[in-house]
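Residue numbers (the working numbering): 135 to 287.
Glycine residues also receive a C-beta, built at the ideal position from the N, C-alpha and C atoms.
These notes concern the structure reproduced below.
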Amino acid sequence: MKIRFATLEDIPVLLVLGEMMVAESRFRPYGLNRDKSTQVLTSMIGNPQQSTILLAERSNGEVVGMLAGYVVDFFFCDALISQDRFFFVKPEARGSSAAVKLLFAFRRWAEARKARELNINMSVAVDMQRFNKMMMKLGFRCSGSNFSLALNG
């Protein structure tokens, strides 16, 4: 499994993975806005000092996972942290090295930008127990919870 940085040419693949991620998640009712997503992806790829999109690619060239994130300061101090924006591995590639290699690459990217903390959130509500187990095994600690409440809006 090879990890590489996404380029503008990868946007169609990222959109397909994004649609898969949304369809599997609690965000399914909202769908994926391809135009808006393309703008966000383009912006992230175009700002490599502050944001990244990493891809997990099999030896045959198939992209099976993605992790996007950024570096930002806390709102209350100057310490830099890295935060994921999205993290997804195709169901058939879960259990492979894709997720772990994406996390390690994101960590290296964040450390190179002097981030003091790596934050990965689970907000899609997909296989949460398995995800939590993997993160704890990798040395992450749980530092909170995500809650959502559907509204009639």
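When C-alpha distances from residue 194 are compared across 275, 255, 135 and 263, the shortest belongs to 135. The beta-carbon separation of residue 254 and residue 208, rounded to 16 Å, does not stay under the 8 Å limit for a contact.
Annotation for residue 179: the continuous alpha helix (DSSP H) segment containing it runs 168–179. A distance of 8 Å or more separates the beta carbons of residue 145 and residue 239. The beta carbons of residue 215 and residue 202 sit about 15 Å from each other, so the pair does not count as a contact at 8 Å. Judged by DSSP secondary structure, residue 214 falls within the beta strand (DSSP E) whose first and last residues are 214–223. Boundaries for residue 143: no alpha helix (DSSP H) harbours it, and the DSSP string shows neither H nor E there. Collapsing the DSSP output to three states places residue 162 in a helix.
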